[in-house]
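Below is one structure, written out as structure tokens, with a few remarks after it.
Chains as they are written, first to last, in the UniProt record's numbering: chain L, 1 to 477; chain C, 1 to 477.
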């Protein structure tokens, strides 16, 4: 017999079990090194993750080997009919802890200390990114099973071990499991976190990226082709540096991108995305963003409020990530550099594809007489977008609204890039990220997570699964 | 009693003494290390130079200490009345010889070998730059004195020991000796060399340089001010990289410099400079320059022949020596760099000054709304220009015309930069450079000079002094 309204009971179980059972499990995993780059501890850590999956009732727990580190897979089958199903995406690898001497505690000790002004924290490699969240989810599942006496959701656990190397294994993994994934209600990442003001968030999408290297060297147009020249020759020989600077300037002037048709294919937002965008804007703290995150005095075009939020979320970008050529030292070497390069990234929003934007950039350069600019595609990642009306998304939004924290908001699309498109574009299932808790310094020394936040993260995982079952019931699944 | 037409006799003396006396003196000096940067051998080398000066009859041989290495000074007084007077500028320091293992002979051995396709050569650090030329001049003086029985020219020897560090001592030296130098007929540098085709050259001037660092960072206009931002923020925050690229592009488009008044103050050439320019153009090998020196398919504006030569010699430049900012590695880091920089040099021709051009650049940037671009002057060297009609210049041109080599030419102004302005602008005396001989790889392993060229260089020094006395007599000095 299925229970209704079980969330408070599960919260109580989490609160009761957290110190004695849950936190020790979290600390046990962060104490196990697992650096994908060197391979240190990867196999041992995968073994521990398998054990954790089995301990909450998973079956068919196994490793799948694709690129480097094995992917840990396990199935937790619901004990009731017509249960909703999700894929829980996690990772067990961590960034290398170096430099060791900048850690105030050993990185693999799992130290519990008062840390800076964050209160009681675990300071350890992986506590935030992402062993803490992985075990928190498992602890939440454990509390649900022990409280209810059964499991109300089907969960396919996929815990990869090379996220920090670019998640290469996930491409063949998803390809191999496409049919199974396509039948699920969604993919859940216990990933979003409360911001500096304590506001929780849900992520329902992310932009894609097209990353290009541009290179100009001497050619038919002029300019030195083989070696840097003494700059006295600038009087009569062309300059690849000026040519690249000129070519780039045709693409953007000030705050305006001038590439023809750059914004042409954008579509109006759905009503649901429109609402989430306005909701975001309503809690958007412009001064905080400018002063504490961006260190900038103003937004592009002097935008404010909702206009700035819309621009951030829903427009493609054209950014210079790097530019270099010639002499860049402290002295005064005088040369005409024969080769000058730039790195440029374009953030893709629906429905733009990398190919579409690359074509527009090439056409633009050709039209302006810069067909000699050599373009190399270095990265091409599609965007991901989940329908806020989908069950898996609505569950996250309900958990957010009932988190007990004010001013929760959603990113209908987050401006960064990630591998979620593997699920949304390739399998057609929503990808959603949510989770309470506060932490930081990922990829840096003294990675931390508040102890309170870990406990509340478990509760937010339970809440997500709770609303998922509730909505599934309402939908008559 | 002064002799007339003594040049052939001196040539004979040089030919007779070269192998037995002159070359050993040259080799003795290149065998003495003298690296200004480390100080290695500097004092010993200065001592050897003093001894060499005394050996050709110099008096008042002494060291003057200004910045780092001492300047060796000596006076060779003419033994006849109304003799012309020159300052012979030389240097006794060398570039460090590293990397040793790229030398085919030890750099301080003074090895005489068949070298590549250059025939019999001395391969040694300093043989070309510039101990060879220094001793060759002294050998020529010695042959003149021994042939004539007297010295027909007053020579003030100034041999510095930190040319490779930027000749800092020469500024206070010239200041201290300004009055004495101003009375001379000119300053001679045994420096120009025959080109790849064997054509000898005279240099009568050089351009100046204004070298600027430009920097753009976030500010009142927008953009991040303190740290590189994740490039997802390009959707709503300004970019110092785009701003620098845009600012630079207002200054030059394609082959055209767009700074207002950039060419305004240029004056028509004197008839003498006009003639030398045309003479240069008449022997100018366009294809050789493009294919073998510049590795470029064409000149700016598709210029050819005399037009290209005029542009090279007589116009100011605006060159990007280097540009850099953000991520420049092999991967795909996505950032908005908060600081982007460029190095720009302007070559100055008469009558342009660094201050004039800096003012024009600042005015231009302000006018286009880029008054936030931070400009740092890193170097400011005036041009040098000698009147081809001056005695010291005419002597060099006559020596050139009678060198026995075809197609000799003069640079009325050389497009590079040097310290000659100290003499021409500060003391008002001509500065001229001339000298036969072929060598190369200066500042690199296997610096070389042909043995034949060293002998002919001595003859060209003798010829210069010969025509100087001849012209002085004709002028009734």
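By construction, the Cβ of each residue, glycine as well, lies at the ideal position given by its N, Cα and C atoms. Bear in mind the structure is a predicted one, so any value in this text is a computation, not a measurement.
Exposure label - residue i; buried when at least 16 CB within 10 Å
i: residue 360/C; result: buried
i: residue 89/C; result: buried
i: residue 460/L; result: buried
i: residue 194/C; result: buried
i: residue 432/C; result: buried
i: residue 24/L; result: exposed
i: residue 92/C; result: buried
i: residue 38/C; result: exposed
i: residue 376/L; result: exposed
i: residue 478/L; result: Nothing in the structure corresponds to residue 478/L, since chain L is present only between 1 and 477.
i: residue 298/C; result: buried
i: residue 458/L; result: buried
i: residue 4/L; result: exposed
i: residue 59/L; result: exposed
i: residue 65/C; result: exposed
Reference residue i; option with closest CA among the options
i: residue 206/C; options: 350/C, 274/C, 118/C and 468/C; result: 350/C
i: residue 255/C; options: 375/L, 343/L, 234/L and 252/L; result: 234/L
i: residue 467/L; options: 394/L, 411/L and 414/L; result: 394/L
i: residue 12/C; options: 80/C, 142/C and 115/C; result: 142/C
i: residue 20/C; options: 111/C, 64/C, 139/C and 63/C; result: 139/C
i: residue 372/L; options: 217/L, 442/L and 231/L; result: 217/L
i: residue 51/C; options: 135/C, 330/C and 197/C; result: 135/C
i: residue 252/C; options: 318/C, 269/C, 285/C and 202/C; result: 318/C
i: residue 386/L; options: 437/L, 77/L and 202/L; result: 202/L
CB contact check: residue i to chain C, cutoff 8 Å
i: residue 163/L; result: no
i: residue 332/L; result: yes
i: residue 189/L; result: no
i: residue 195/L; result: no
i: residue 104/L; result: no
i: residue 303/L; result: yes
i: residue 239/L; result: yes
i: residue 210/L; result: no
i: residue 383/L; result: no
Assumed close pair residue i, residue j - CB separation to whole angstroms, cut-off 8 Å
i: residue 120/L; j: residue 451/L; result: 5 Å
i: residue 208/L; j: residue 348/L; result: 3 Å
i: residue 84/L; j: residue 391/L; result: 7 Å
i: residue 346/C; j: residue 316/C; result: 6 Å
i: residue 338/L; j: residue 228/L; result: 5 Å
i: residue 405/L; j: residue 247/L; result: Contact flag wrong, Cβ pair sits at about 48 Å.
i: residue 96/C; j: residue 35/C; result: 5 Å
Below-8 Å beta-carbon distance, residue i vs any chain L residue
i: residue 258/C; result: no
i: residue 321/C; result: yes
i: residue 230/C; result: yes
i: residue 95/C; result: no
i: residue 311/C; result: yes
i: residue 366/C; result: no
i: residue 308/C; result: yes
i: residue 299/C; result: yes
i: residue 233/C; result: yes
i: residue 227/C; result: yes
Bounding residues of the alpha helix (DSSP H) (the contiguous stretch that carries residue i)
i: residue 324/L; result: Looking at the DSSP string, residue 324/L is not in any alpha helix (DSSP H); the run it does join, the beta strand (DSSP E), is 319–326.
i: residue 305/L; result: 305–314
i: residue 16/C; result: 7–17
i: residue 359/C; result: 354–367
i: residue 453/L; result: 451–474
i: residue 246/C; result: 240–251
i: residue 258/C; result: Careful: residue 258/C lies outside any alpha helix (DSSP H) and carries neither H nor E.
Interface flag, residue i vs chain B, CB-CB below 8 Å
i: residue 399/L; result: Here chain B cannot be found, since the structure's protein chains are L and C.
The ligand MG heavy atom lying under 7 Å from the CB of residue i
i: residue 399/L; result: Ligands are entirely absent from the displayed structure, and the ligand MG is therefore not among its contents.
Continuous beta strand (DSSP E) stretch holding residue i: start and end
i: residue 113/C; result: 111–114
i: residue 375/L; result: 374–381
i: residue 74/C; result: 71–76
i: residue 347/L; result: 339–348
i: residue 401/C; result: Segment 391–401 is the alpha helix (DSSP H) holding residue 401/C; no beta strand (DSSP E) there.
i: residue 213/C; result: 208–217
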